[in-house]
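Counting in my numbering, the sequence shown runs from 1434 upward without gaps. All residues carry an ideal CB built from backbone N, CA and C; glycine is no exception. Remarks on the structure that follows.
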Amino acid sequence: ANGSGKSSVLYALDWFFNGTPISEIDVHGCKEGGVLEPGATVEVSVTFTDLTAKDRERLEQYGRGDRAEIRRTWYADTKQTKV
């Protein structure tokens, strides 16, 4: 259905994997020209399962088991991203 968030998920994955620029307007509830609450963030978490030995090798410290969860967070206050 329209308005269910399909595009938002694709934008979030594009940011997660490709580092597409992100700004205040991407924070849920932010209106154009509005002020964000202190500590506002955007966070995307991706979980990979059924990792093979090759996958674990490529993921290095993130792929120690059969699954890996990687989180990327953008902080509105500093405009910085942490992986």
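Quick one: using the 10 Å Cβ neighbour count with 16 as the cut-off for buried, is residue i buried or exposed?
i: I1455; result: buried
i: G1496; result: buried
Please state the DSSP three-state secondary structure of residue i.
i: A1445; result: helix
i: K1515; result: strand
Measure the beta-carbon distance from residue i to residue j and round it to whole angstroms, keeping in mind my assumption that it falls under 8 Å.
i: T1474; j: A1509; result: 7 Å
Given 8 Å as the limit, tell me if residue i has its C-beta closer than that to any heavy atom belonging to the ligand SAH.
i: G1498; result: Only the bare structure without any ligand can be found here, which leaves the ligand SAH out of the picture.
For the stretch 1497 to 1504 against the stretch 1471 to 1485, do three or more pairs of beta-carbon atoms, one drawn from each stretch, fall closer than 8 Å, so that the two count as touching? yes
Quick one: which unbroken alpha helix (DSSP H) runs of 4-plus residues sit fully inside the stretch 1449 to 1496? Chain order, please. 1486 to 1492
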